[in-house]
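Structure first, then comments.
Residue numbers (the working numbering): 52 to 459.
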């Protein structure tokens with residue numbers, strides 16, 4: 052594709068604020084696809100390292116045949132380090148990727164207004180609902196959306212997008228922009244954690260509970276591989292415990308999901324972010340954090356617990372208002388879960404899933420993984436998530452009824 056074919060009519064250049072792992076990769080992606088991208092981080096050392104990170108990333112992608120010579124040259128010419136925050140004022144779109152704090156993000160939005168930025172603003176929040184970031188008029192909702200890129204940004208295609216009350220024309224421009232990056236935007240409901248992190252955070256917390264209950268690091272990862280799932284502890288070395296801690300805290304506060312904050316081990320690991328693997332071997336330091344465990348775990352119990360966490364998480368995000376078809380689509384297409392979890396629940400029957408949960412809680416008592424209300428109601432009334440290939444109308448009715456009760 053030529054550069055002018057990549058670009059949308061409305062968006063010609065971009066800015067990225069916050070250059071952590073996700074922010075840097077997003078800025079790199081924008082530049083790689085031909086957009087002049089102004090990149091800024093408030094930390095001086097981050098800005099000083101930007102060009103070295105750029106070259107290291109180019110070399111890594113070249114070794115994996117993930118970047119063409121033309122794209123590498125575009126990154127070198129189009130990724131522009133900003134000497135000051137104000138340099139993003141004139142771009143068409145800014146993506147905010149600062150720390151996972153509503154207070155910090157809102158302060159950035161206000162600062163953008165002060166420097167005269169009037170373009171489209173997106174946030175790559177992992178857990179905060181869109182409405183929470185606009186609650187006090189921090190930015191014009193007609194120009195604002197959440198765009199949740201999947202990690203790793205440079206290797207994954209799907210982007211969860213929450214539109215809210217964004218202006219129709221600007222939303223169309225945003226979608227066209229994301230598609231020009233060769234990404235697949237999926238519009239989702241305004242739910243803390245989106246679909247993807249709703250699933251992944253339940254899964255991560257369950258993996259920690261298994262570790263606390265006597266399972267070994269490699270045993271849990273191997274069980275996950277047998278199921279065709281992400282190995283959770285290999286993934287933790289990419290996510291970092293401190294990030295999982297932040298995301299689960301925000302989600303628990305927004306949604307009331309106590310399971311997300313049920314692992315004492317997570318808080319311990321988040322202090323220093325030890326790697327689960329060192330030189331491709333399990334890190335003994337992790338077991339020091341866990342403490343002495345006499346219990347053992349068999350592979351079938353581990354597999355059942357990991358699957359149960361996914362089932363509960365998927366049902367819970369439907370209970371919060373997401374379309375079942377979209378949940379399964381994101382699980383399979385985005386997170387790469389082999390089988391759509393809601394269809395699997397329908398195949399098993401809600402009552403059988405709840406029975407499995409009882410067994411999991413017996414084997415991993417500290418987890419306290421309880422079925423969402425929607426799953427219990429489905430078991431009682433013998434309902435499914437699907438009716439044929441369409442979403443069961445009973446599901447929408449149940450969700451609306453629960454919302455009505457909550458508002459009174």
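The beta-carbon is built from N, C-alpha and C at its ideal position, and this holds for glycine as well.
Query: Boundaries (first-last residue) of the beta strand (DSSP E) holding residue 89; Result: 87 to 91
Query: Local Cβ density within 10 Å of residue 199, reported as buried at 16 or more and exposed below that; Result: buried
Query: Same chain, Cβ closer than 6 Å to residue 183, five either side skipped, listed in chain order; Result: 153
Query: Own chain partners of residue 169 with C-beta closer than 8 Å, once the 5 adjacent residues on each side are dropped; Result: 194
Query: Euclidean distance between Cα positions of residue 392 and residue 128; Result: 44 Å
Query: Three-state class that DSSP yields for residue 64 in the structure shown; Result: strand
Query: Other residues of its chain near residue 275: CB distance less than 7 Å, five sequence neighbours each side excluded; Result: 281, 282, 283 and 357
Query: Three-state class that DSSP yields for residue 55 in the structure shown; Result: Note that residue 55 scores 37 on pLDDT, short of 50, meaning its location in the model is unreliable; the coordinates nonetheless yield the value given after this. Residue 55: helix per DSSP, three-state reduction.
Query: Buried or exposed (CB count within 10 angstroms, at least 16 for buried), residue 54; Result: Confidence is the limiting factor: at residue 54 the pLDDT is only 42, short of 50, which leaves the residue's position unreliable, though a coordinate-based value still follows. Counting Cβ neighbours within 10 Å, residue 54 comes out exposed, since fewer than 16 surround it.
Query: Neighbourhood of residue 425 by C-beta distance below 7 Å, restricted to the same chain and skipping five residues each side; Result: 366, 369, 370 and 449
Query: Residues of its chain near residue 447, where Cβ-Cβ distance is below 6 Å and the 5 sequence neighbours each way are ignored; Result: none
Query: Beta-bridge partners of residue 209, as assigned by DSSP; Result: 235
Query: Beta-carbon proximity of residue 24 to residue 316, cut-off 8 Å; Result: Nothing can be reported for residue 24: it is not among the residues displayed for the chain, which extend from 52 to 459.
Query: Residue 52 burial status per 10 Å Cβ neighbour count (16 or more: buried); Result: Below a pLDDT of 50, predicted positions are generally treated as unreliable, and residue 52, at 38, falls in that range; no measurement from the model is reported.
Query: First and last residue of the uninterrupted alpha helix (DSSP H) at residue 320; Result: 315 to 323
Query: Burial state of residue 66, where buried means 16 or more other Cβ atoms lie within 10 Å; Result: buried
Query: Cα-Cα separation between residue 57 and residue 235, rounded to whole angstroms; Result: Bear in mind that a pLDDT of 44 at residue 57, under 50, signals an unreliable position, so the model cannot answer this.
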